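Chains as they are written, first to last, in this note's numbering: chain A, 14 to 231; chain B, 14 to 231. Ideal Cβ placement from N, Cα and C applies to all residues, glycine included. Just so it is clear, the structure is predicted and the values come from calculations on it, not from any experiment. Structure first, then comments.
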């Protein structure tokens with residue numbers, strides 16, 4: 014049972030994982046301002062997380078801060094980026110080349126975070142056969158063959174909500190290992206399939222609600 | 014202290030609020046299939062939330078299910094949409110007309126969820142003065158005047174991460190009441206300002222991590 018090379022990332026708690034991009038954002042900003050060292054106390058002041066929590070979170074990474082000086086900014090940025098997988102090239106297919114799907118394909122920001130959308134899929138003859146920012150759009154029936162040949166483990170789901178489950182089933186049958194679901198639908202998947210839900214519209218509901226509470230209490 | 018008209022939305026727990034869009038997504042699909050009634054048990058089977066939790070969540074809304082029949086689908090959809098604020102018109106300005114900002118302006122999906130982006134702002138002379146999908150792009154210095162004249166309480170922040178805090182400060186000074194922050198930066202705001210963080214890139218990190226764990230355990 015003894016493992017000579019422990020997989021640290023296996024045991025990182027998800028709340029820690031979710032905080033790492035905040036630290037990365039902050040140290041990237043420091044580097045752009047040519048700051049050389051930063052302490053967990055200084056990070057804490059900027060992003061409202063306890064300094065002790067930050068030190069604990071960063072202890073999961075292969076980096077040590079120096080007493081009274083802190084972490085080397087450039088090294089911390091590099092280690093965070095690498096740990097988060099942003100410096101690797103993850104191939105993804107996108108299913109549903111409507112308004113949001115097209116927006117994601119044209120968002121060059123995703124490439125900087127390690128996501129490379131290599132093909133789009135749709136059922137609409139008006140978009141099938143077209144190319145968006147050098148990304149070809151295929152008919153959905155070509156998904157199994159194209160996905161495999163392009164080595165895309167990730168399927169991005171940007172179809173209308175009523176097509177979400179059906180599309181997920183097709184993507185999994187075609188060999189996708191992870192689904193990035195942009196619909197508010199709660200997709201059911203077999204065990205072993207990774208699902209990441211990003212419903213930007215659900216976030217809107219929370220924001221409206223808080224704004225209303227403020228207006229009501231005036 | 015007795016309030017003759019309790020503000021139900023004031024007391025809804027956030028986890029409940031976050032689940033409502035899932036229910037809405039599902040009943041919208043049912044309506045598109047002309048289903049007339051749905052029980053909390055049937056919803057439960059589809060979206061992996063306990064039936065008792067669903068009944069409890071829906072009890073916050075002004076709707077009653079019928080014994081053995083369930084909720085009227087069309088009424089439930091209408092009540093959910095209204096409660097979530099998706100049927101109202103919320104004006105927003107967008108700051109940072111780069112790749113992601115442009116994508117959000119062109120995403121007509123937001124309009125269907127009650128968000129109307131009425132103006133864009135940037136510092137780049139190459140985009141200032143242009144129009145994207147009928148949305149004019151102004152220089153950032155025009156923000157206070159334009160925001161007020163268009164009645165936009167919400168500011169969407171899609172600038173580079175190192176500009177996030179500065180941009181938030183400008184938006185609040187210009188009168189914005191809510192910030193929808195798409196950067197991974199943890200913005201600090203004065204009390205009373207609503208902040209909704211939607212860092213799609215942080216979601217990517219979680220997805221990569223889970224995919225890696227799966228690959229390692231093969």
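Could you name the residues that DSSP lists as bridge partners for residue i?
| i | result |
| --- | --- |
| residue 54/A | In DSSP, residue 54/A forms no bridge with anything. |
| residue 128/A | 103/A |
| residue 79/A | 83/A |
| residue 191/A | 167/A and 207/A |
| residue 108/B | 134/B and 170/B |
| residue 150/A | 133/A |
| residue 145/A | 148/A |
Can you find the residues in the same chain that come closer than 7 angstroms, C-beta to C-beta, to residue i, ignoring five residues on each side of it along the sequence?
| i | result |
| --- | --- |
| residue 208/B | 192, 194, 200 and 202 |
| residue 56/A | 36, 39 and 67 |
| residue 21/A | Confidence is the limiting factor: at residue 21/A the pLDDT is only 47, short of 50, which leaves the residue's position unreliable and the question unanswerable from this model. |
| residue 32/B | 62 and 70 |
| residue 102/A | 127 and 129 |
| residue 141/B | 135, 150, 151 and 152 |
| residue 115/B | 145 |
| residue 174/B | 196, 197 and 198 |
| residue 29/A | 70 and 73 |
| residue 75/A | 92 |
| residue 190/A | 166, 206 and 207 |
| residue 25/A | 73 |
| residue 97/B | 33, 34 and 37 |
| residue 41/A | 90 |
| residue 43/B | 51 and 86 |
| residue 111/A | 171 |
What residues in its chain sit with their C-beta under 6 angstroms from that of residue i, if we drop five residues either side in the sequence?
| i | result |
| --- | --- |
| residue 236/B | For residue 236/B there is no data in the structure shown, the boundaries of chain B being 14 and 231. |
| residue 215/B | 197 |
| residue 64/A | 53, 54 and 57 |
| residue 15/A | Residue confidence for residue 15/A is low, a pLDDT of 41 falling below 50, so the modelled location carries little weight; the figure read from the coordinates is stated next. Here the set comprises nothing. |
| residue 210/B | 194 |
| residue 171/B | 109, 113, 114 and 195 |
| residue 180/B | 108, 170 and 172 |
| residue 82/B | 50 |
| residue 23/B | Bear in mind that the predicted position of residue 23/B carries a pLDDT of just 49, short of 50, making it too unreliable to give a figure here. |
| residue 224/A | none |
Could you tell me whether any non-hydrogen atom of the ligand ADP is closer than 7 angstroms to the CB of residue i?
| i | result |
| --- | --- |
| residue 31/B | The ligand ADP is not among the ligands present in this structure, which contains no ligands whatsoever. |
Closer than 8 angstroms by C-beta to residue i: which residues in its own chain qualify, once you throw out the five before and the five after it? Chain order, please.
| i | result |
| --- | --- |
| residue 94/A | 37 and 100 |
| residue 132/B | 106, 107, 148, 149, 150, 151, 159, 160, 163 and 165 |
| residue 19/B | Any reading at residue 19/B needs caution, since the residue's pLDDT is 45, under 50, leaving its predicted position unreliable; the model's value is listed next. Nothing listed; no residue qualifies. |
| residue 213/A | 195 |
| residue 186/A | 157 |
| residue 183/A | 108, 153 and 156 |
| residue 178/A | 198, 200 and 201 |
| residue 78/B | 52, 53, 68, 71 and 84 |
For the segment 113-129 of chain B, enumerate the residues whose C-beta is nearer than 8 angstroms to any C-beta of chain A, in chain order.
113, 115, 116, 117, 119, 120, 121, 122, 123, 126, 127 and 128
Could you list the residues in the segment 75-98 of chain A with a C-beta less than 9 angstroms from some C-beta on chain B, going in chain order?
96, 97 and 98
Does the structure place the segment 141-148 of chain A close enough to the segment 160-171 of chain A that three or more beta carbon pairs sit under 8 angstroms?
no
Touching or not, the segment 42-52 of chain B and the segment 82-99 of chain B, by the rule of three or more beta carbon pairs under 8 angstroms?
yes
Within the chosen definition, does the segment 114-126 of chain A reach the segment 57-66 of chain A through at least 3 CB pairs nearer than 8 angstroms?
no
Check distances from the C-beta atoms of the segment 190-202 of chain B to those of chain A and list, in chain order, the residues that come in under 8 angstroms.
190, 191, 193, 196, 197, 198, 199 and 201
Quick one, which residues of the segment 49-73 of chain A are near chain B if we go by CB-CB under 7 angstroms, in chain order?
60 and 61
In chain order, what residues of the segment 211-223 of chain B put their CB closer than 9 angstroms to some CB of chain A?
211, 212, 213, 214, 215, 216, 217, 218, 219, 220, 221, 222 and 223
Could you run through the segment 168-189 of chain A and flag, in chain order, every residue whose CB is less than 7 angstroms away from some CB of chain B?
174 and 175
Tell me which residues of the segment 22-43 of chain A have at least one Cβ-Cβ distance to chain B shorter than 8 angstroms, keeping chain order.
22, 23, 25, 27, 30, 31, 33, 34, 35, 37, 38, 39, 41 and 42
Quick one, which residues of the segment 134-168 of chain B are near chain A if we go by CB-CB under 8 angstroms, in chain order?
166 and 167
When you check each C-beta in the segment 100-114 of chain B against every C-beta of chain A, which residues fall closer than 9 angstroms?
101, 103, 111, 112 and 113
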